[in-house]
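Peer 1: First, the structure itself, so that you have it in front of you.
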Amino acid sequence: MELLRKAIYELTGNYYPDERIRILEYKLERLLKRVHMNSTAPENVISSFMRTPENRKLLIDLMTVPETRFFREREQLEVLFDVLLKDKRQLEVASVGCSTGQEPYSIAMLMAKRGINGRVLGLDINEEVLRKARSGVYNLSQLKDIPEEYRGFVEVKGEFFEINPDIKRRVEFRYVNLIESETFEPLKCRCDVVLCRNVLIYFSGDSKRKALLNLKDMLRKGGILVLSSTEILGKEYHDLFKTVKAERFFFYKKREAEDDKSPCG
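Add 3 to the 1-based position in the sequence shown for this note's numbering, that's all there is to it.
In structure tokens, the structure reads:
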């Protein structure tokens, strides 16, 4: 199990402490069932998965399937758009760790409802969930998470519903690895807002700082990082972001050095 923990940390930056080791064991069981391998020698399984890029990608996909839902922490999102961004009519927003797409589509709906133009980037390390996100098709049971006033942005089709074409056109999905700077190169200085909610809780130490540096590089000057309302960015990261409070929520504004010559304008 220690080998698997190390492999996941090296590949994704996610660290599983001892108190979450049972979750890791469960994911290993699921991985073994998927590839029809014997669980008596997991070390051999992990070694085989680390040999090729294709196998490493499968390992990442099976080990990183975060839960998400439409309009998660809706009040926080409304404060973001109606207080911090109330005068904006053009925005580029990123949803990092977007999973199957509910968050970026929710943001696109919020922007459309407020007459805000722009794009939403849905970013994730898991290629399988990105494919599902691009389809924009969801089980009807998830419709309950979409407030009534936003349901005009979806079309019910039997036991499923689909995001309407206008909202789909606003959203672009792509692969990133939070600890691999090269995957962020095309995204530098691109965003006014970056949401990374309930993702960094799985990072620690060097991997968390790497991730935050990459998130900071995505932001334009004065850009805002949004974590979940239960996450607090520690003072050890105050050289990267400064805290801004709006109503009862904390947000994090990109910190610029006085002599900063960054291309972000």
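Beta carbons: idealized from backbone N, C-alpha and C, even for Gly.
(1) Here's a check: name, in chain order, each residue in its chain whose Cβ is nearer than 8 Å to the Cβ of Leu216, leaving out the five neighbours to either side.
(2) CB Arg137 to CB Phe176, shorter than 8 Å?
(3) To the nearest whole angstrom, what separates the beta carbons of Arg200 and Met221, a pair I think is in contact under 8 Å?
(4) Would you identify the three-state DSSP class for Glu188, choosing helix, strand or coil?
(5) Select from Thr103, Arg117, Ile235 the residue whose C-alpha is nearest the C-alpha of Leu124.
(6) Measure the beta-carbon distance from Leu190 to Leu230 and round it to whole angstroms, keeping in mind my assumption that it falls under 8 Å.
(7) Tell me whether Arg172 is buried or exposed, calling it buried when 16 or more other Cβ atoms sit within 10 Å of its Cβ.
(8) Excluding five sequence neighbours on each side, which residues of the same chain lie with their C-beta closer than 6 Å to the C-beta of Gly121?
(9) Suppose the cutoff is 7 Å on Cβ atoms and the five residues either side in sequence are ignored; what does the same chain contact list for Lys9 look like?
(10) What runs of the alpha helix (DSSP H), each 4 residues or longer, lie entirely inside the region 180-246?
(11) With DSSP run on the structure shown, which of helix, strand or coil describes Leu88?
(12) Is the beta carbon of Asn142 less than 8 Å from the beta carbon of Phe163?
(13) Once the 5 residues before and after Glu234 are set aside, which same chain residues still bring their CB inside 8 Å of it?
(14) Identify whether Arg74 lies in helix, strand or coil by the three-state DSSP scheme.
(15) With H, G and I counted as helix, E and B as strand and the rest as coil, what does DSSP make of Glu130?
(16) Can you check DSSP and say which residues form a bridge with Gln105?
(17) What does the alpha-carbon distance come out to for the pair Ile182 and Ser210?
(18) Report yes if the CB atom of Lys256 is closer than 8 Å to the CB atom of Lys245, and no otherwise.
Peer 2: Quick answer:
(1) Ser184, Leu243
(2) yes
(3) Going by Cβ atoms, the distance from Arg200 to Met221 rounds to 15 Å, so no, they are not a contact pair.
(4) The answer is helix: DSSP assigns Glu188 an H, G or I state.
(5) Thr103
(6) That belief does not hold up - the Cβ atoms of Leu190 and Leu230 are roughly 18 Å apart, past 8 Å.
(7) exposed
(8) Gln93, Leu94, Glu95
(9) none
(10) As far as the region 180-246 is concerned, its whole alpha helix (DSSP H) runs of at least 4 residues are 208-221.
(11) coil
(12) yes
(13) Arg200, Asn201, Leu203, Ile204
(14) Looking at the sequence provided, one finds Phe at residue 74 rather than Arg. Note: Phe74 maps to coil in three-state DSSP.
(15) It is helical.
(16) Beta-bridge pairing links Gln105 to no other residue.
(17) 6 Å
(18) yes
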